[in-house]
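Undergrad: What follows is a single structure, and I will ask about it in a moment.
Protein chains: 2
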Amino acid sequence: MSILVVGSVAFDSVETPFGKADEVLGGSATYFSTAASFFTDVDLVAVVGEDFPAEHVAFLRARNINLAGLQTAPGATFRWKGRYEYDLNEAHTLDTRLNVFETFRPRLPQGYEQSSFVFLANIDPELQLEVLRQVHGPKLVACDTMNFWIEGKLEALKKTLAHVDLLIINDAETRQLAAEPNLVKAARIIREMGPRTLVVKRGEYGVVMFRDESIFAAPAYPLEAVFDPTGAGDTFAGGFMGYLAATEDLSEANLRQAIVFGSVMASFTVEQFSLNRLRTLDLEEIRSRFRRFKQLTHFEDLSEESPAHVFAR
Amino acid sequence: MSILVVGSVAFDSVETPFGKADEVLGGSATYFSTAASFFTDVDLVAVVGEDFPAEHVAFLRARNINLAGLQTAPGATFRWKGRYEYDLNEAHTLDTRLNVFETFRPRLPQGYEQSSFVFLANIDPELQLEVLRQVHGPKLVACDTMNFWIEGKLEALKKTLAHVDLLIINDAETRQLAAEPNLVKAARIIREMGPRTLVVKRGEYGVVMFRDESIFAAPAYPLEAVFDPTGAGDTFAGGFMGYLAATEDLSEANLRQAIVFGSVMASFTVEQFSLNRLRTLDLEEIRSRFRRFKQLTHFEDLSEESPAHVFAR
Numbered sequence: 001m002s003i004l005v006v007g008s009v010a011f012d013s014v015e016t017p018f019g020k021a022d023e024v025l026g027g028s029a030t031y032f033s034t035a036a037s038f039f040t041d042v043d044l045v046a047v048v049g050e051d052f053p054a055e056h057v058a059f060l061r062a063r064n065i066n067l068a069g070l071q072t073a074p075g076a077t078f079r080w081k082g083r084y085e086y087d088l089n090e091a092h093t094l095d096t097r098l099n100v101f102e103t104f105r106p107r108l109p110q111g112y113e114q115s116s117f118v119f120l121a122n123i124d125p126e127l128q129l130e131v132l133r134q135v136h137g138p139k140l141v142a143c144d145t146m147n148f149w150i151e152g153k154l155e156a157l158k159k160t161l162a163h164v165d166l167l168i169i170n171d172a173e174t175r176q177l178a179a180e181p182n183l184v185k186a187a188r189i190i191r192e193m194g195p196r197t198l199v200v201k202r203g204e205y206g207v208v209m210f211r212d213e214s215i216f217a218a219p220a221y222p223l224e225a226v227f228d229p230t231g232a233g234d235t236f237a238g239g240f241m242g243y244l245a246a247t248e249d250l251s252e253a254n255l256r257q258a259i260v261f262g263s264v265m266a267s268f269t270v271e272q273f274s275l276n277r278l279r280t281l282d283l284e285e286i287r288s289r290f291r292r293f294k295q296l297t298h299f300e301d302l303s304e305e306s307p308a309h310v311f312a313r
Numbered sequence: 001m002s003i004l005v006v007g008s009v010a011f012d013s014v015e016t017p018f019g020k021a022d023e024v025l026g027g028s029a030t031y032f033s034t035a036a037s038f039f040t041d042v043d044l045v046a047v048v049g050e051d052f053p054a055e056h057v058a059f060l061r062a063r064n065i066n067l068a069g070l071q072t073a074p075g076a077t078f079r080w081k082g083r084y085e086y087d088l089n090e091a092h093t094l095d096t097r098l099n100v101f102e103t104f105r106p107r108l109p110q111g112y113e114q115s116s117f118v119f120l121a122n123i124d125p126e127l128q129l130e131v132l133r134q135v136h137g138p139k140l141v142a143c144d145t146m147n148f149w150i151e152g153k154l155e156a157l158k159k160t161l162a163h164v165d166l167l168i169i170n171d172a173e174t175r176q177l178a179a180e181p182n183l184v185k186a187a188r189i190i191r192e193m194g195p196r197t198l199v200v201k202r203g204e205y206g207v208v209m210f211r212d213e214s215i216f217a218a219p220a221y222p223l224e225a226v227f228d229p230t231g232a233g234d235t236f237a238g239g240f241m242g243y244l245a246a247t248e249d250l251s252e253a254n255l256r257q258a259i260v261f262g263s264v265m266a267s268f269t270v271e272q273f274s275l276n277r278l279r280t281l282d283l284e285e286i287r288s289r290f291r292r293f294k295q296l297t298h299f300e301d302l303s304e305e306s307p308a309h310v311f312a313r
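Chains A and B are the protein sequences, given in the same order.
Start counting the first sequence at 1; every next residue gets the next number (UniProt numbering).
Start counting the second sequence at 1; every next residue gets the next number (UniProt numbering).
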């Protein structure tokens, strides 16, 4: 099953303690699509300016990403400039130029309204809702958002969330959206806004998924070389949704595996600037890191007998 | 097998967003001993002042903690006063009065020099080494430390670490001790100082254990009511070491189970002020939460066939 993603395609300029990259390929929809493309077909809806080079289009096309929904508008492509200190969990934005993204109105090409799996990357919640109005009876709608919309467009965001099955946000956004510092309580409050499932991204600490009465916690993969965390969250979402769409299985067990695939994909992205690591990534590396994730987290459950004798009293 | 612990017994005064507690029982050795006492016998070495009430002694004794090494010195018991904001990961110290702890010199009662399992709570590394000099051929020596000693007594600390098998510290201390921001690299640097195993405590994000070529990550148990994080780290260490001493099994698989038992014990401690939650805790609650930890982290590994068909290319 293919996935529809609506979000940004951008040029990023990034400085980290380990180096810098200027005007490299970025954007939420770009990271999402590329990660998801390892698992399934992706229909991308976004806008770029007239300065967007053919080589980037060729890269996306080579990953079998359907570009019928990639509009080219007069003007320049969205640009983001940011810096990370040693605490790679926090991005410091130096400059944002929305350019053609400022007037972006997502239009779905014909056929896209039948999409079963939809990901609304972090854009204006009113646009997110506009997209959903164009889609008929999707199986799974997931979305992302950020502090900017929680502060500035809370009512619109809540309207959108009422139509969303799965929300993927970070822990600060979770606490802010729920106005509740405790994560478990915050998750309950947010799930009452609409999404049956809440996936909380915690950067180097991994991910927690809240769904019905169940909680699933997965660590991030411990890496020696985290070069650039830009795009980690959207790559996670792409791997997660890509696996779900490929398997068409929304059971708890499969959602948990999808979380791990998402984490695996994100762990590769941060190893290099931009999407560079994903350009060379192959299936065997993904499978191998999934297995190392299993080793990273596995412990034996209690057998019925064992615990009794270890308790002193 | 019993455990020897050397550390502090104290009165804590704590404020959190959820309430406050004045002059309640605290101290690293107290939390450690109480948690470990659910699994095995504990020999406690510490000092209190003449103001230490009989009811606290009775509590420790009722938990079968051997108090032959609990000295009473002229003066007042160690007092700590602190506050937590909504970010419960960070304690703000308001006042520290070492009192009798300032001149504490650990003396092991006869028989303790044969201890097989030793935990050196966070005290002056010179005193930690003095304790180790009194113990003959222990099976496992674990220790804790803090930024104060890393900054002020680094050389003494390194001398101690050369005799330590297992270091249990938090992530900021890990980065500081190694002078390296990347956790994986920092762990390697610290393990070259002596400890074969490094256990990094990350508060609400859980624990990571580095040992030989293996890494194990366990989340913290997600709680709706975190009342007071004081003592969580020492409770973790007590549950961890208590389980190891009870099973006398230092295999990787058993260390991983021990990490989970430590996390389970810590998750109870933070539910109430002081050691109050441990006072009413029973074995069945511990076993039940261990099993919920398993549910919290479990996902299916890849079968040999399954992944192939989910990859688009």
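Beta carbons: idealized from backbone N, C-alpha and C, even for Gly.
What are the residues that DSSP puts in a beta bridge with residue 15 (chain B)?
TA: B:20, B:83
Undergrad: So that I know if they touch, is there some Cβ in chain A lying closer than 8 Å to that of residue 219 (chain B)?
TA: yes
Undergrad: By a C-beta neighbour count over all protein chains shown, 10 Å radius and 16 as the cutoff for buried, is residue 195 (chain B) buried or exposed?
TA: buried
Undergrad: Tell me where the beta strand (DSSP E) around residue 93 (chain B) begins and ends.
TA: Counting along the chain, the beta strand (DSSP E) containing residue 93 (chain B) begins and ends at 91–97.
Undergrad: Residues in the same chain with beta-carbon distance under 7 Å from residue 134 (chain B), minus the five sequence neighbours each way, listed in chain order, please.
TA: 108, 113
Undergrad: Using a beta-carbon distance cut-off of less than 7 Å, what residues from the stretch 68–97 of chain A approach chain B?
TA: 86
Undergrad: Which residue marks the beginning of the beta strand (DSSP E) containing residue 197 (chain B), and which one marks its end?
TA: 197–201
Undergrad: Would you please verify whether the beta carbon of residue 168 (chain A) is less than 8 Å from any beta carbon of chain B?
TA: no
Undergrad: Rounded to a whole number of angstroms, what is the C-alpha to C-alpha distance between residue 68 (chain A) and residue 199 (chain A)?
TA: 30 Å
Undergrad: With which residues is residue 215 (chain A) paired in a DSSP beta bridge?
TA: A:210
Undergrad: Please confirm whether residue 124 (chain B) and residue 149 (chain B) have their CB atoms less than 8 Å apart.
TA: With respect to residue 149 (chain B), residue 124 (chain B) sits close: the two C-beta atoms are nearer than 8 Å.
Undergrad: Quick one: what's got a C-beta closer than 7 Å to residue 89 (chain B)'s C-beta in the same chain, skipping five residues either side?
TA: Cβ-Cβ distances below 7 Å link residue 89 (chain B) to 203, 204 in the same chain, with the five nearest sequence neighbours on each side left out; the list follows chain order.
Undergrad: Applying the criterion that 16 or more other CB atoms from any shown protein chain within 10 Å of the CB defines a buried residue, is residue 313 (chain B) buried or exposed?
TA: Confidence at residue 313 (chain B) is low in this model, with a pLDDT of 49, below 50, so the placement of that residue is unreliable and no value is reported for it.
Undergrad: Please confirm whether residue 257 (chain B) has its beta-carbon closer than 8 Å to some beta-carbon of chain A.
TA: yes
Undergrad: Going by the DSSP bridge assignment, what does residue 40 (chain A) pair with across the sheet?
TA: Answer is none; residue 40 (chain A) lacks a bridge partner.
Undergrad: On a Cα-Cα basis, can you pick out the residue from A:10, A:35, A:30, A:173 that is closest to residue 236 (chain A)?
TA: A:35
Undergrad: Distance, Cα to Cα, residue 253 (chain B) vs residue 294 (chain B)?
TA: Cα to Cα, the separation comes out at about 14 Å.
Undergrad: Kindly indicate if chain A contains any beta-carbon less than 8 Å away from that of residue 216 (chain B).
TA: yes
Undergrad: Return the chain-ordered ranges of every beta strand (DSSP E) run that is complete within the stretch 109–180 of chain A and spans a minimum of 3 residues.
TA: Counting only runs of 3 or more, we get 117–120, 140–143, 166–170.
Undergrad: If we define contact as Cβ-Cβ less than 8 Å, is residue 301 (chain B) a contact residue for chain A?
TA: yes
Undergrad: Are the C-beta atoms of residue 202 (chain A) and some chain B residue less than 8 Å apart?
TA: yes
Undergrad: Considering Cα atoms alone, identify which of A:14, A:226, A:118 is closest to residue 95 (chain A).
TA: A:14
Undergrad: Strictly below 7 Å CB to CB, what residues from chain A border residue 224 (chain B)?
TA: By Cβ distance, chain A contributes 182, 184, 185.
Undergrad: Check whether the Cβ atoms of residue 318 (chain B) and residue 85 (chain A) lie closer than 8 Å to each other.
TA: Residue 318 (chain B) lies beyond the range of chain B shown here (1 to 313); nothing can be said about it.
Undergrad: Measuring alpha carbon to alpha carbon, tell me which residue in B:277, B:51, B:53, B:42 is nearest residue 117 (chain B).
TA: Nearest C-alpha to residue 117 (chain B): B:42.
Undergrad: Skipping 5 residues on each side, what residues in its chain have a beta carbon closer than 6 Å to that of residue 276 (chain B)?
TA: none
Undergrad: The alpha helix (DSSP H) that contains residue 272 (chain B), what's its start and end?
TA: Taken as a continuous stretch (DSSP letters only), residue 272 (chain B) belongs to no alpha helix (DSSP H), as it is neither H nor E.
Undergrad: Tell me whether residue 235 (chain B) sits in a helix, a strand or coil according to DSSP, three-state version.
TA: Residue state, collapsed to three classes: helix.
Undergrad: Residues of chain A with a CB under 8 Å from the CB of residue 62 (chain B): which are they?
TA: In chain order: nothing, as chain A lies at least about 10 Å away.
Undergrad: If we ignore side chains and look at the alpha-carbon of each, how far apart do residue 11 (chain B) and residue 38 (chain B) end up?
TA: 22 Å
Undergrad: Output needed for residue 79 (chain A): all residues of its chain with C-beta closer than 6 Å, excluding positions within five of it in sequence on either side, in chain order.
TA: 11, 97
Undergrad: What did DSSP end up calling residue 391 (chain A) once you bin it into helix, strand or coil?
TA: Residue 391 (chain A) cannot be examined here, being either before or after the span of chain A that is shown, 1 to 313.
Undergrad: Tell me where the alpha helix (DSSP H) around residue 54 (chain B) begins and ends.
TA: 54–62
Undergrad: Using only alpha-carbon positions, find the residue among B:65, B:191, B:58, B:250 that is nearest to residue 33 (chain B).
TA: The option with the nearest alpha carbon to residue 33 (chain B) is B:65.
Undergrad: Quick one: is residue 173 (chain A) buried, meaning 16 or more other Cβ sit within 10 Å of its Cβ, or exposed?
TA: Classification of residue 173 (chain A): buried, given that the 10 Å Cβ count is 16 or more.
Undergrad: Tell me the rounded alpha-carbon separation between residue 193 (chain A) and residue 126 (chain A).
TA: 16 Å
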